[in-house]
Amino acid sequence: MTSPLTLTEAAAARINAIAERQHKPAILRLSVEGGGCSGFQYKFDLAETAEDDDAVSETAGVRLVVDPVSLDLVGGATVDYVESLGGAAFRVENPNAASGCGCGSSFGI
């Protein structure tokens, strides 16, 4: 399945570095769970494989996979990796989010 998600080059490079260090495939799973200060929160994990019904986006040999339920909440999003004085983190720019928290890890619809 083709994904309506975008993985930036910076995020792909960071995922690849983490996966190499942990001796895992360069597959980042993005999912959405209830909770966080805005209602939903993003969850990131390294995955061993993509599931048959996952949406998959690939950048520089790194795959971003999202399950169908989460895709309803993050379709059209961009996953980036940013470094700043406050720290470094994966950020999701989600066009479906009506609100978000300051840390960028949770959102509301």
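Each residue of the sequence shown is one higher than the one before, starting from -15 at the first, in the working numbering. No residue lacks a Cβ here, since even glycine has one placed at the ideal position from N, Cα and C.
N- and C-terminal bounds of the beta strand (DSSP E) containing residue i
i     : result
LEU12 : 11 to 18
ASP38 : It is not in any beta strand (DSSP E) - ASP38 carries neither H nor E in the DSSP assignment.
ASP29 : 24 to 30
Assigned exposure category for residue i - 16 Cβ within 10 Å defines buried
i     : result
ARG5  : exposed
VAL76 : buried
Which listed residue (the options) has its alpha carbon closest to that of residue i
i     : options                       : result
ASN80 : LEU30, GLY60, GLY18, PRO(-12) : GLY60
Minimum Cβ-Cβ distance from residue i to chain B less than 9 Å
i     : result
LEU30 : In the displayed structure, chain B is absent; only one protein chain is listed.
Range covered by the alpha helix (DSSP H) that runs through residue i
i     : result
LEU57 : 52 to 58
ALA72 : That residue, ALA72, is in no alpha helix (DSSP H); its beta strand (DSSP E) goes 71 to 77.
Sequence-distant residues of its chain with Cβ nearer than 6 Å to residue i (five each side left out)
i     : result
ASP37 : PRO52
ALA72 : none
(message) Tell me whether the segment 11 to 21 and the segment 49 to 65 touch, counting them as touching only if at least three CB pairs, one residue from each stretch, are closer than 8 Å.
(response) yes
(request) Decide yes or no for the touch test of the segment 38 to 49 against the segment -12 to 3: beta carbon pairs closer than 8 Å, at least 3 of them. (result) yes
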